[in-house]
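Numbering (the working numbering), first residue to last: 21 to 335. By construction, the Cβ of each residue, glycine as well, lies at the ideal position given by its N, Cα and C atoms. Nothing here was measured: the structure is a model prediction, and the numbers come from that model.
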Amino acid sequence: MPEVLDVAIRLVVIIGAFLLLPLIVGQLEHKAMAHMQSRLGPMYAGGFHGWAQLIADGVKFVQKEDVIPAAADRTVFRIAPAVGLVPYLVVMIVIPVAPGWYGVDLDAGLFFVLAVMGIGVLGSIMAGWSSANKYSVLGGMRSAAQLMSYELPLVLAASSVAMAAGTLSLSGIVEAWQWWWLPWQGIGAVVFFVAGLAELRRPPFDMPIAESEIIMGPMTEYTGIRFALFMLAEYAGIVVLSALTTVLFLGGWQGPWLPGAVWTLIKIFALAFVVIWVRVSYPRMREDQLQKLAWVGLVPLALVQLALTGVVKVL
21 MPEVLDVAIR LVVIIGAFLL LPLIVGQLEH KAMAHMQSRL GPMYAGGFHG
71 WAQLIADGVK FVQKEDVIPA AADRTVFRIA PAVGLVPYLV VMIVIPVAPG
121 WYGVDLDAGL FFVLAVMGIG VLGSIMAGWS SANKYSVLGG MRSAAQLMSY
171 ELPLVLAASS VAMAAGTLSL SGIVEAWQWW WLPWQGIGAV VFFVAGLAEL
221 RRPPFDMPIA ESEIIMGPMT EYTGIRFALF MLAEYAGIVV LSALTTVLFL
271 GGWQGPWLPG AVWTLIKIFA LAFVVIWVRV SYPRMREDQL QKLAWVGLVP
321 LALVQLALTG VVKVL
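In structure tokens form, the structure reads like this:
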């Protein structure tokens, strides 16, 4: 019975974090963009510092009518948001926050995480195909092409850390991490983070969405709570990417004075702020620039990092 209770408590905590952390990141994005771009709207809702902006957005989504196009594949259309969202919940089960603070510690945790994260793009493809809208289909095809381009540098960069630590366990990687890995694995960290941004289709890699050109890409026909689920998936993806970068390249819970869980959260939110900062600072790339960055820039850098890791390990 105690074992069942332990599993139940871990699941409740993970689901709570999954529902809460993306909302905090969303609120952080509202406020950071308001300051960086002088956006007045998000600073007024509710009074002090626009505290009610996120609540207003939630009420807005709930009140909107749930519209399904007449020619759409209704079954696929309905389940696409869940397919885009659930993989991030599954990934959070194996991410360690502190020693012993995780849902499950898998020996091949890194392999599991990378495999599950690749499933999320199916939600965009399903949404685009089922909408019976040519712009939505175009957005879904762009999402698939982007995933295929950036999955390789993402996996290569993660493989470098696994090689350095000698394990695929995420908690094992954190325990093996040393401070001098920051410069040693620095190239891989940049490649992993940039490739992760591209897989999340965050600016400046948001060509599949491109709201100023093709409205919202594969989500064009979505309204109300289903559209909100896609937005929640985006912010959950930011949390997962920041958490994985923290665990693989920044030492996870390691740090002086403060408890391990606090250090993990500090690093996660610092990286989430960088994601928002990049969105505000850089214009959207063209499709050819996106592919060139992946194949001419990130893949060679990831291979250089792998070679460097191999040399250091041998010596």
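Could you compute how far the alpha carbon of residue i sits from the alpha carbon of residue j?
i: residue 311; j: residue 29; result: 44 Å
i: residue 265; j: residue 49; result: 19 Å
i: residue 139; j: residue 61; result: 36 Å
i: residue 146; j: residue 98; result: 10 Å
i: residue 191; j: residue 174; result: 19 Å
i: residue 25; j: residue 36; result: 16 Å
i: residue 111; j: residue 214; result: 19 Å
i: residue 218; j: residue 22; result: 42 Å
i: residue 324; j: residue 43; result: 37 Å
i: residue 188; j: residue 114; result: 12 Å
i: residue 15; j: residue 229; result: Outside the shown range of the chain, which is 21 to 335, sits residue 15, and nothing can be said about it.
i: residue 72; j: residue 294; result: 24 Å
i: residue 78; j: residue 259; result: 19 Å
i: residue 171; j: residue 304; result: 20 Å
i: residue 106; j: residue 321; result: 31 Å
i: residue 46; j: residue 319; result: 31 Å
Drop a sphere of 10 angstroms on the beta-carbon of residue i, count the other beta-carbons inside from all chains shown, and report buried for 16 or more, exposed for fewer.
i: residue 67; result: exposed
i: residue 241; result: buried
i: residue 299; result: buried
i: residue 201; result: buried
i: residue 239; result: buried
i: residue 32; result: exposed
i: residue 160; result: buried
i: residue 135; result: exposed
i: residue 227; result: buried
i: residue 94; result: exposed
i: residue 285; result: buried
i: residue 182; result: buried
i: residue 333; result: exposed
i: residue 75; result: exposed
i: residue 166; result: buried
i: residue 222; result: buried
Can you name, in chain order, every residue of its own chain whose Cβ lies under 6 Å from the Cβ of residue i, other than the five neighbours on each side?
i: residue 246; result: 101
i: residue 51; result: none
i: residue 152; result: 89, 91 and 92
i: residue 96; result: 146 and 150
Looking only at its own chain, which residues have a Cβ that is under 8 Å from the Cβ of residue i, when we skip the five neighbours before and after it?
i: residue 274; result: 194, 197, 280 and 283
i: residue 297; result: 52 and 56
i: residue 128; result: 188 and 189
i: residue 169; result: 218, 310, 311, 314 and 315
i: residue 163; result: 141, 144, 145, 148, 221, 228, 237 and 238
Starting from the C-beta of residue i, find all residues in its chain whose C-beta is less than 7 Å away, skip the five residues before and the five after it, and write them out in chain order.
i: residue 180; result: 205, 208, 325, 326 and 329
i: residue 250; result: 101, 104, 239 and 242
Query raised in the report: Of all the alpha helix (DSSP H) runs that stay within the bounds of the region 101-167, which reach a length of 4 or more residues?
Result: When DSSP assignments are scanned along the region 101-167, the uninterrupted stretches of alpha helix (DSSP H) that are 4 or more residues long and fall wholly within it turn out to be 129-137 and 141-150.
Requested in this report: Pick out the complete alpha helix (DSSP H) segments inside the region 184-263, 4 residues or longer, and give them in chain order.
Outcome: 190-196, 201-204, 206-220 and 231-234
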